[in-house]
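So in full-length UniProt numbering, spot 9 of the sequence shown is number 9, and the numbers just go up one at a time.
Every residue gets a Cβ at the ideal spot worked out from N, C-alpha and C, and that includes glycine.
One structure is given below, encoded as structure tokens.
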Amino acid sequence: MSVMILPDQTYQKVVGGYKMESLMKLIEESRSQLHHLASLYGIGNDLVIKKSQELDVLLNIYNSKVYKEKDVKIVKTGII
């Protein structure tokens, strides 16, 4: 298994319009890499911490997209 550290440009591409499927795939890949790194180096290793922070960013982007979509649906249905 190769270890991939995502560059900052990846986050901008995700924010710039990745489809949810692509974003979910990135999250799963990042999560898998995090587990692999943690099993090799332990949770206090700098690479593991960096990968964890990258996963946090991807999850925050995902959550912001999910809640934005829910807000739009709520407004359209007239619940608010």
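- The Cβ atoms of residue 37 and residue 51 sit closer than 8 Å to each other.
- For residue 19, no alpha helix (DSSP H) segment is defined, and its DSSP state is neither H nor E.
- Linking residue 42 to residue 63 through their CA atoms gives a straight-line distance of about 27 Å.
- Separation of residue 47 and residue 39 (C-alpha to C-alpha, rounded to the nearest whole angstrom) is 12 Å.
- A straight line joining the alpha-carbon of residue 33 with that of residue 45 spans about 14 Å.
- Around the Cβ of residue 21, a 10 Å sphere holds fewer than 16 other Cβ atoms; the residue is exposed.
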